[in-house]
């Protein structure tokens with residue numbers, strides 16, 4: 015139901031309640047809430063205000079509902095908005111919208127175009143947000159878990175943007191610590207002619223073929239010298255570039271890349287440790303420095319600085335999030351794997367201590383987290399666990415190429431088309447389930463060109479509408495004056511109802527940080543279109559009816575385009 019129609023009905027209900035209360039000397043009534051009936055046959059929208067008020071007002075709920083309906087029917091404009099209303103069950107009021115109210119969505123979509131569904135932020139809510147996602151260690155290619163983060167984070171950013179929020183996308187590079195040292199040792203071993211399995215191959219080294227590629231590239235570069243620090247710098251830069259290429263192929267861009275190492279060089283880590291010590295948030299025990307995180311609900315206190323003088327990994331995280339707040343980001347969302355769940359309490363505890371020291375009004379839930387579970391990749395009915403290049407996992411590049419059917423024999427144009435198809439499949443699939451559920455990615459399903467493939471199903475609806483509009487051969491501007499009152503079939507009614515839901519779906523998905531809800535909606539919208547297409551012929555001889563149905567299809571195509579764009583998926587005009 016369009017918000018304009020919804021707000022008008024709520025205003026009318028509120029006026030009816032106020033009038034009834036004044037007439038009978040009753041108490042104040044709450045603002046009525048509208049909901050969609052579970053069964054389509056029960057109408058377009060329902061209200062249970064009579065049930066809510068019956069006890070306080072000491073009235074039979076059905077009698078109260080009847081009194082409200084009578085008052086509603088006396089109001090100006092009610093018949094233009096509502097075709098009929100009935101009292102159901104113990105006191106529900108079911109409303110059926112008028113044809114004029116239902117078809118108004120088509121005109122609204124065609125007028126707003128790519129902006130249909132967007133809204134401004136509510137008063138008092140933040141108008142800017144940072145989303146940190148992917149944030150992979152520069153120690154190897156991006157794996158499928160990073161792919162899920164990339165799809166989720168980018169879709170979340172797009173969703174928030176539809177609600178008028180300025181979104182800053184950030185990638186945090188963990189370029190300090192033991193893993194980076196292991197990367198340098200791995201490349202050094204390859205430069206010495208060693209390979210995995212050799213007696214002298216370091217136990218902690220990375221085994222993927224990409225390590226050999228880095229060693230070969232370093233040997234051929236002007237920076238080549240037998241120095242572990244030079245190897246480290248080259249390897250990190252090489253892999254950062256590789257990850258950037260993969261992210262570009264995946265269609266994901268960032269506004270900022272933030273280096274963990276900078277938190278040490280600019281003194282941020284030392285400063286937050288000093289802040290926490292100065293307010294008594296820490297203590298020394300067994301040669302280590304501990305954070306009193308149990309004061310903030312953690313199940314135990316956490317080591318900050320180990321006995322060897324090095325910091326545990328959550329300490330720079332506290333410094334990093336301190337930087338986010340200092341940069342003005344009061345709403346921060348981190349998209350991370352569920353294995354990070356244990357760090358949430360200690361990071362928030364550290365931040366509360368820093369905020370106390372600096373006099374910041376920092377929410378206890380800062381930052382927010384969207385945690386995702388693992389992805390299992392299936393191909394030819396079997397789980398794929400490794401990639402030759404990565405050595406121990408499937409990469410994002412593998413997933414995109416496999417899902418697009420990329421082969422070595424392809425021309426450059428064919429390869430680009432296949433990569434686009436693979437990117438669309440991977441992004442849609444990885445968004446199509448709740449983040450906190452495990453996901454099985456079926457390569458064979460991604461390659462199918464039929465209704466069983468969800469992204470094909472949605473994209474084909476867009477392409478089919480484009481084909482119908484091309485067959486018609488007219489100009490879209492001609493449909494602005496279509497007589498939409500002719501849209502009276504059951505199939506068109508379902509499609510109109512679905513289109514009107516789009517703005518609320520966007521708003522709810524953004525509020526709940528749940529892009530999968532939009533993926534579900536697009537599948538339902540595509541389904542309603544396919545049903546309409548099979549039930550109501552569009553290119554009929556009756557010119558007025560043809561234009562009305564074409565206008566409905568043009569609006570449907572626009573919403574499919576808008577929704578797919580939010581998910582980072584293309585909307586092809588032919589397939």
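Numbering (the numbering used here), first residue to last: 15 to 589. Every residue, glycine too, gets a C-beta built ideally from N, C-alpha and C. Remember, it's a predicted structure, so these values are computed and weren't measured experimentally.
Could you give the distance in angstroms between the alpha-carbon of residue 391 and the alpha-carbon of residue 564? 41 Å
Candidates 98, 58, 312, 336: closest to residue 372 by CA position: 336
Determine the contact status of residue 90 and residue 75, defining contact as a CB-CB distance below 8 Å. no
What residue does the beta strand (DSSP E) around residue 311 start on, and which one ends it? Unbroken run through residue 311: none, as it is neither H nor E.
Where does residue 390 sit, in a helix, a strand or coil, going by DSSP? strand
Looking only at its own chain, which residues have a Cβ that is under 6 Å from the Cβ of residue 416, when we skip the five neighbours before and after it? 457
Neighbour-count burial assignment, residue 200, 16 or more Cβ in a 10 Å radius: buried
Given a cut-off of 8 Å on the beta-carbon distance, is the pair residue 455 and residue 158 in contact? yes
Within the same chain, show all residues whose beta-carbon is closer than 7 Å to that of residue 477, passing over the 5 residues directly before and after it, in chain order. 586, 587, 588, 589
Tell me, which residues are paired with residue 348 by DSSP? 146, 383
Using 8 Å as the Cβ pair cut-off and three pairs as the minimum, do the region 371-387 and the region 346-353 touch? yes
I believe residue 325 touches residue 360 by the beta-carbon criterion, under 8 Å. Please report the beta-carbon distance rounded to the nearest angstrom. The Cβ separation is near 12 Å, so there is no contact.
What are the partner residues of residue 59, as DSSP defines its beta bridges? 109
Proximity winner among 304, 333, 255, relative to residue 279 (alpha-carbon distances): 333
When you compare only the Cα positions, how much space is there between residue 398 and residue 449? 21 Å
Can you tell me whether DSSP reads residue 318 as helix, strand or coil? strand
To the nearest angstrom, report how far apart residue 321 and residue 470 are at their CA atoms. 56 Å
Quick check on the DSSP output: what are the complete alpha helix (DSSP H) runs of length 4 or more inside the region 248-304, in order along the chain? 274-279, 282-292
Those residues which DSSP pairs with residue 186 across a bridge: 272
So, at 7 Å on beta carbons, what are the nonlocal neighbours of residue 33 in its own chain, with the 5 sequence-adjacent residues on each side left out? 85
Cα-Cα separation between residue 355 and residue 386, rounded to whole angstroms: 10 Å
Three-state secondary structure (DSSP) of residue 456: strand
Would residue 592 pass as a contact of residue 389 if the rule is Cβ separation under 8 Å? Residue 592 falls outside the range modelled here, since the chain spans only 15 to 589, and no answer is possible.
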